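Asker: This is the structure I have questions about; it appears just below.
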Amino acid sequence: GYMDYYGLQDRHGIPLPEASWMSLQQARPNPEQSKEAKYGLYTNMMVECEKEALWDKSLDLIRAMQRDEIFPSLRNWNILLSTLSRVGQWEKVLDVKNK
1 GYMDYYGLQD RHGIPLPEAS WMSLQQARPN PEQSKEAKYG LYTNMMVECE
51 KEALWDKSLD LIRAMQRDEI FPSLRNWNIL LSTLSRVGQW EKVLDVKNK
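So the sequence shown is residues 1 to 99, counted in the UniProt record's numbering.
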């Protein structure tokens, strides 16, 4: 099953910042969900990654959105840039944006 993504917990009830990346990957959107629901899930996961400065996970989430044909909004790019800036990796956003 998929996590209760509105509660931002993985399927074992572990809050996302403490969850392993494998658990986060298991929380990927269900293909049957609407694009709006998928967008919400990706955005919520990015917010949690920003809180923990998990810049590499935020990059992976943007790429996953693009693969799932969920177009990142200005909010998603701002979250990513903020996360990257916190750890001095802001130039990495250019690599993703140009692909």
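Heads up, the beta-carbon is just placed ideally off N, CA and C, and yes, glycines get one too.
Values in this document were obtained by computation on a predicted structure and should not be read as measured data.
Give me, in chain order, the residues of the same chain whose beta-carbon lies closer than 6 Å to that of residue 154; leave out the 5 immediate sequence neighbours on both sides.
Answerer: The structure shown has nothing for residue 154, since the chain only spans 1 to 99.
Asker: Taking 7 Å as the cut-off, decide whether the C-beta atoms of I62 and K38 are in contact.
Answerer: Numbered from 1 along the sequence shown, position 62 holds the residue referred to as residue 62. Numbered from 1 along the sequence shown, position 38 holds the residue referred to as residue 38. No, the Cβ-Cβ distance between I62 and K38 is not below 7 Å.
Asker: Could you give the distance in angstroms between the alpha-carbon of R67 and the alpha-carbon of E91?
Answerer: As a first step, residue 67 must be located in the sequence shown, where it is residue number 67. As a first step, residue 91 must be located in the sequence shown, where it is residue number 91. Looking at the two C-alpha atoms, the distance is approximately 21 Å.
Asker: On the DSSP letters alone, give me the boundaries of the alpha helix (DSSP H) that I70 sits inside.
Answerer: By one-based count along the sequence shown, residue 70 stands at place 70. No alpha helix (DSSP H) holds I70; DSSP gives it neither H nor E.
Asker: Under DSSP, the alpha helix (DSSP H) around V87 begins and ends at which residues?
Answerer: In the sequence shown, residue 87 corresponds to position 87, counting from 1. Premise fails: V87 is in no alpha helix (DSSP H) and is neither H nor E.
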